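Enquirer: Residue numbers (my numbering), protein chains in the order written: chain P, 8 to 172; chain L, 8 to 172; chain D, 8 to 172; chain V, 8 to 172.
Don't be surprised by glycine CBs; every beta carbon is placed ideally from N, CA and C.
In this text the structure is predicted, and so the values were computed from the model without any measurement.
There are 4 protein chains.
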Amino acid sequence: MRFPFLTRSDRPTASPYTRRMDLTPQRVNDLVATAFPATTAMGFACVELGDGSAVARLTCDPSEARPGGIVPGPTVFGLADLALWFAVFTKIGFEPMAVTSDMTIHFLRPAMADSLLARCNLTKVGKRLAHGEIRVWEEDGDPERLIAFASGAYALPDAKGDAST
Amino acid sequence: MRFPFLTRSDRPTASPYTRRMDLTPQRVNDLVATAFPATTAMGFACVELGDGSAVARLTCDPSEARPGGIVPGPTVFGLADLALWFAVFTKIGFEPMAVTSDMTIHFLRPAMADSLLARCNLTKVGKRLAHGEIRVWEEDGDPERLIAFASGAYALPDAKGDAST
Amino acid sequence: MRFPFLTRSDRPTASPYTRRMDLTPQRVNDLVATAFPATTAMGFACVELGDGSAVARLTCDPSEARPGGIVPGPTVFGLADLALWFAVFTKIGFEPMAVTSDMTIHFLRPAMADSLLARCNLTKVGKRLAHGEIRVWEEDGDPERLIAFASGAYALPDAKGDAST
Amino acid sequence: MRFPFLTRSDRPTASPYTRRMDLTPQRVNDLVATAFPATTAMGFACVELGDGSAVARLTCDPSEARPGGIVPGPTVFGLADLALWFAVFTKIGFEPMAVTSDMTIHFLRPAMADSLLARCNLTKVGKRLAHGEIRVWEEDGDPERLIAFASGAYALPDAKGDAST
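1. For residue 145 of chain D, which residues in chain P fall below 8 Å Cβ to Cβ?
2. Quick check: what's the CA-CA separation for residue 65 of chain P versus residue 71 of chain P?
3. If you draw a straight line from the C-alpha of residue 135 of chain V to the C-alpha of residue 164 of chain V, how long is it?
4. Touching or not, the stretch 85 to 104 of chain D and the stretch 137 to 145 of chain D, by the rule of three or more beta carbon pairs under 8 Å?
5. Measure from the C-beta of residue 88 of chain L to each C-beta in chain D and report whether the shortest distance is under 8 Å.
6. Cα-Cα, which of P/158, P/43, P/29, P/132 is closest to residue 59 of chain P?
7. Taking the continuous alpha helix (DSSP H) assigned at residue 88 of chain V, which residues delimit it?
8. So, helix, strand or coil for residue 120 of chain D, using DSSP?
9. DSSP three-state call for residue 109 of chain D: helix, strand or coil?
10. Measure the C-alpha to C-alpha separation of residue 85 of chain P and residue 129 of chain V and round it to an integer number of angstroms.
11. Buried or exposed for residue 151 of chain L, please, with buried defined as at least 16 other CB atoms from any protein chain shown within 10 angstroms of its CB.
12. When you compare the CB of residue 156 of chain V with every CB in chain L, is at least one pair closer than 8 Å?
13. Among P/30, P/109, P/113, which one has its Cα closest to the Cα of residue 56 of chain P?
14. What does residue 140 of chain D touch in chain P if you count any residue whose Cβ is under 8 Å from its own?
15. Indicate whether at least one CB of chain P lies closer than 8 Å to the CB of residue 153 of chain D.
16. On the CB-based measure, 16 or more other CB atoms within 10 Å of its CB, does residue 167 of chain V come out buried or exposed?
17. Quick one: list the residues of chain D neighbouring residue 74 of chain V, beta-carbon separation under 8 Å, in chain order.
18. For residue 31 of chain P, would you say it is in contact with chain L, using Cβ-to-Cβ distances shorter than 8 Å as the test?
19. Keeping to the same chain, check which residues put their C-beta closer than 6 Å to that of residue 36 of chain D; ignore five residues upstream and five downstream.
20. Would DSSP call residue 167 of chain L helix, strand or coil?
21. Anything in chain D within Cβ reach of residue 181 of chain P, meaning under 9 Å, just list it in chain order.
22. Name the one or two DSSP bridge partners that residue 36 of chain D has.
23. Could you tell me which chain V residues have their CB closer than 7 Å to the CB of residue 136 of chain P, listed as they occur along the chain?
24. What residue range is occupied by the uninterrupted alpha helix (DSSP H) comprising residue 47 of chain L?
25. Comparing the C-beta of residue 95 of chain V with each C-beta of chain P, is any distance below 8 Å?
26. At a Cβ threshold of 8 Å, is residue 24 of chain L touching chain P?
27. Using a Cβ-Cβ cutoff of less than 6 Å, which residues in the same chain neighbour residue 95 of chain V once the five nearest sequence positions on both sides are dropped?
28. In terms of alpha-carbon separation, which member of D/49, D/169, D/116 lies closest to residue 169 of chain V?
29. Rounded to a whole number of angstroms, what is the C-alpha to C-alpha distance between residue 39 of chain D and residue 118 of chain P?
30. Which residues does DSSP pair with residue 139 of chain P in a beta bridge?
31. Closest to residue 158 of chain L by C-alpha separation, out of L/108, L/120, L/68, would be which residue?
32. With DSSP as the reference, label residue 66 of chain D as helix, strand or coil.
33. In the structure shown, what three-state DSSP assignment does residue 145 of chain L receive?
34. Is residue 153 of chain P helix, strand or coil by DSSP?
35. Can you tell me whether DSSP reads residue 102 of chain D as helix, strand or coil?
36. Are the C-beta atoms of residue 165 of chain L and some chain A residue less than 8 Å apart?
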């Protein structure tokens, strides 16, 4: 799936990080594998990109599971965080310098699947922050039966590439 | 450091998980290493226990660092989550079935140290939930210069050992 | 709009608060006006009920507005909180004893309208907690242009009517 | 109590909102009463200011109480929000344009007192955001017996006075 980078009227058009590019899940995975090889090695991947949305997958590592085969909470958090990062890419291009500002997660049910999916829908892309909500479910299960619900914000780099808050 | 388990009048005294036991950081680390070996292997440890408080340490793994040597956000989240879990132990004993219900984290600065510390202070221990706040800082840095601030709740098992919410 | 109360298999059917009743927005408003007259007097109302969802309206009081006619943040929070409460009613009946356990809100834009709407969709109804996400927008504006995004949990009363956590 | 405005090296010193001024609780209350008369009328006041900390008081209005004399959750939220705002003043001066970016609150116990206090301690003051944690308790009760715990961030105006995120 391809999509053009979408210019937002409420963002500075000359910002160096609003690079127009043809992002696809494969291209994101290639970029992540190069810049963040540990993320790829941990089983995380981008599987879908929309306009302000993204789906990330975690292929679970049984050796890291909790007793009973439960996926650790921080790993679920990491998946939600990644889905938000991918969704931000669809608005500002691939941006390694975008960093999580805050995240709230509710763990709704234990996750015991071979793989999890997380869908992020951005709720706002502003000058400084992009905010989104993320739902996590088991890939072979009911997408309405949520493992976790998260929401949070990414700090966007300014014209100098500085995302510190 | 040793401390007696403290009975709280606002908890059911006959609950099977209020096991009186002499918890020490070493004993917690031994229990975690047995029940959750991946947690130990990832460099997490308990270094201090108080009455409703705990300090957890993360010895950072350079191979998992982000570019620039930055500790990944989900790893910082995991450290905060662990400190809350340890603090809960000081009120109800070692309880593998206590699960995170919700957590909010603000990432305040990038972490670039060899090791991080997280201190949790419980703010309430109720019948169903234990709530606490957690501060994360670099071990060789200023404890007031926070890497992250988190707060959240653990769901406590009921008399039947059920912590599902 | 009328809808039957929906029994959930994952809740104790004999619980005294799972009263089957025909809830409508008007009936909720009548019950709220009787039990919580201040809420009604402040301009809050229920305008829609679904199966696990609800819409609440705030008719803004200009005398309470901030300079520039901006609706105060805590008032927006109150509207989101109310929408979650109403959505909980659609699962367990009118329940004055259900209390907010936690809520996270991101204020995305200033609200300057005569009235605001908040839609809550429940993401889980468990034994102890009901969790939902809430979107707030200006009634005469674009529903996608969010004023605030919130998520949180209500503590549900147990068989003895006790919702303390 | 008087305190000098404290210059922070990590903030732009020429920013128009870093006005050096002698802030006292009385002066803050006077400024709030002028700019936000509804806030004063609702019983909110500043009672203490420190370096990066503040205490706010709510004199509860019985006519707005929930059944049983319980202070409404949104009112408690408003008190926490105000304490954070006051604490921000101690770093950047009185700043009506500083707006809440996000807030998470856990309601830990019902509040049934004539007045509540909320203490905010800032955990970071950055270029864009000030983050703090807030504890709420009953004025005539034990300060350790918390009614609510909150944390959140204020968006700070930039050099042009723009705090939109």
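Expert: In terms of the structure at hand:
1. Reading the third sequence from its first residue, position 138 is the one you call residue 145 of chain D. Correct list: empty, because the minimum Cβ distance to chain P is about 14 Å.
2. Position 58 of the first sequence, counted from the first residue, corresponds to residue 65 of chain P. Position 64 of the first sequence, counted from the first residue, corresponds to residue 71 of chain P. CA-to-CA, the gap between residue 65 of chain P and residue 71 of chain P works out to about 13 Å.
3. Here residue 135 of chain V refers to the residue found at position 128 when the fourth sequence is read from its first residue. Here residue 164 of chain V refers to the residue found at position 157 when the fourth sequence is read from its first residue. Distance between the alpha carbons of residue 135 of chain V and residue 164 of chain V is about 7 Å.
4. Three or more Cβ pairs drawn from the stretch 85 to 104 of chain D and the stretch 137 to 145 of chain D lie within less than 8 Å of each other, which places the two stretches in contact.
5. Counted from its first residue, the second sequence places residue 88 of chain L at position 81. Not closer than 8 Å to any Cβ of chain D, the Cβ of residue 88 of chain L fails to qualify, so no.
6. Residue 59 of chain P sits at position 52 when you count from the first residue of the first sequence. For the residues P/158, P/43, P/29, P/132, the minimum Cα distance to residue 59 of chain P belongs to P/132.
7. Numbered from its first residue, the fourth sequence carries residue 88 of chain V at position 81. Boundaries of the alpha helix (DSSP H) harbouring residue 88 of chain V: 80 to 99, taken from the DSSP string.
8. Along the third sequence, read from residue 1 onward, the residue named residue 120 of chain D stands at position 113. Coil.
9. Stepping through the third sequence from its first residue, residue 109 of chain D is reached at position 102. Three-state result, residue 109 of chain D: strand.
10. By one-based count along the first sequence, residue 85 of chain P stands at place 78. By one-based count along the fourth sequence, residue 129 of chain V stands at place 122. Taking the straight line joining both Cα atoms gives about 27 Å.
11. Within the second sequence, residue 151 of chain L is the residue found at index 144, counting from 1. That one is exposed.
12. Position 149 of the fourth sequence holds residue 156 of chain V. Closer than 8 Å: yes.
13. Stepping through the first sequence from its first residue, residue 56 of chain P is reached at position 49. The shortest Cα separation from residue 56 of chain P among P/30, P/109, P/113 belongs to P/30.
14. As a position in the third sequence, residue 140 of chain D is number 133, starting the count at 1. Under the 8 Å cutoff, chain P gives 140, 156, 158.
15. As a first step, residue 153 of chain D is located in the third sequence; it is residue number 146 there, counting from the start. Closer than 8 Å: yes.
16. Locating residue 167 of chain V in the fourth sequence gives position 160, where the first residue counts as 1. Looking at its Cβ environment, which holds fewer than 16 other Cβ atoms inside 10 Å, residue 167 of chain V is exposed.
17. Locating residue 74 of chain V in the fourth sequence gives position 67, counting from the first residue. Residues of chain D with a Cβ closer than 8 Å to the Cβ of residue 74 of chain V are, in chain order, 42, 43, 103.
18. Translated into positions along the first sequence, residue 31 of chain P becomes position 24. Chain L contact via Cβ: absent.
19. Start at 1 with the first residue of the third sequence, and residue 36 of chain D comes out as number 29. Answer for residue 36 of chain D: 52, 53, listed in chain order.
20. Taking the first residue of the second sequence as 1, we reach residue 167 of chain L at position 160. Here residue 167 of chain L carries a coil assignment [DSSP, helix/strand/coil].
21. Shown here, chain P extends from 8 to 172; a query on residue 181 of chain P therefore has no answer.
22. Numbered from its first residue, the third sequence carries residue 36 of chain D at position 29. In the DSSP assignment, no residue is bridged to residue 36 of chain D.
23. As a working mapping, residue 136 of chain P is identified with position 129 in the first sequence. Going along chain V in sequence order, the residues near residue 136 of chain P (Cβ under 7 Å) are 172.
24. Translated into the one-based positions of the second sequence, residue 47 of chain L becomes position 40. If you look at residue 47 of chain L, you'll find it in the alpha helix (DSSP H) that goes 44 to 48.
25. Mapped onto the fourth sequence, residue 95 of chain V falls at position 88. Residue 95 of chain V does not count as touching chain P.
26. Along the second sequence, one-based indexing puts residue 24 of chain L at 17. Caution is warranted here: a pLDDT of 41 is assigned to residue 24 of chain L, below 50, making its placement in the model unreliable, and the coordinate value is therefore given only provisionally. Judged by the 8 Å Cβ criterion, residue 24 of chain L is not in contact with chain P.
27. Within the fourth sequence, residue 95 of chain V is the residue found at index 88, counting from 1. Closer than 6 Å at the Cβ level, and outside the excluded window around residue 95 of chain V, lie 105, 137, 161.
28. In the fourth sequence, the residue the question calls residue 169 of chain V occupies position 162. Check the Cα spacing between residue 169 of chain V and each of D/49, D/169, D/116: the tightest is with D/116.
29. The residue you call residue 39 of chain D lines up with position 32 of the third sequence. The residue you call residue 118 of chain P lines up with position 111 of the first sequence. Counting only the Cα atoms, residue 118 of chain P lies some 38 Å from residue 39 of chain D.
30. Your numbering for residue 139 of chain P matches position 132 in the first sequence. Under DSSP, residue 139 of chain P forms a beta bridge with P/129, P/159.
31. Sequence index remark: in the second sequence, residue 158 of chain L carries index 151 (1-based). Its Cα nearest to that of residue 158 of chain L, the residue L/108 stands out among L/108, L/120, L/68.
32. Numbered from 1 along the third sequence, position 59 holds the residue referred to as residue 66 of chain D. The three-state secondary structure of residue 66 of chain D, taken from DSSP, is strand.
33. Here residue 145 of chain L is taken as the residue at index 138 of the second sequence, counted from 1. Strand at residue 145 of chain L.
34. Along the first sequence, read from residue 1 onward, the residue named residue 153 of chain P stands at position 146. Residue 153 of chain P carries a coil assignment under DSSP once its states are collapsed to helix, strand and coil.
35. Within the third sequence, residue 102 of chain D is the residue found at index 95, counting from 1. Looking at residue 102 of chain D - three-state DSSP - the assignment turns out to be coil, as it is neither helix nor strand.
36. Of the chains in the structure shown, none is chain A; the protein chains are P, L, D and V.
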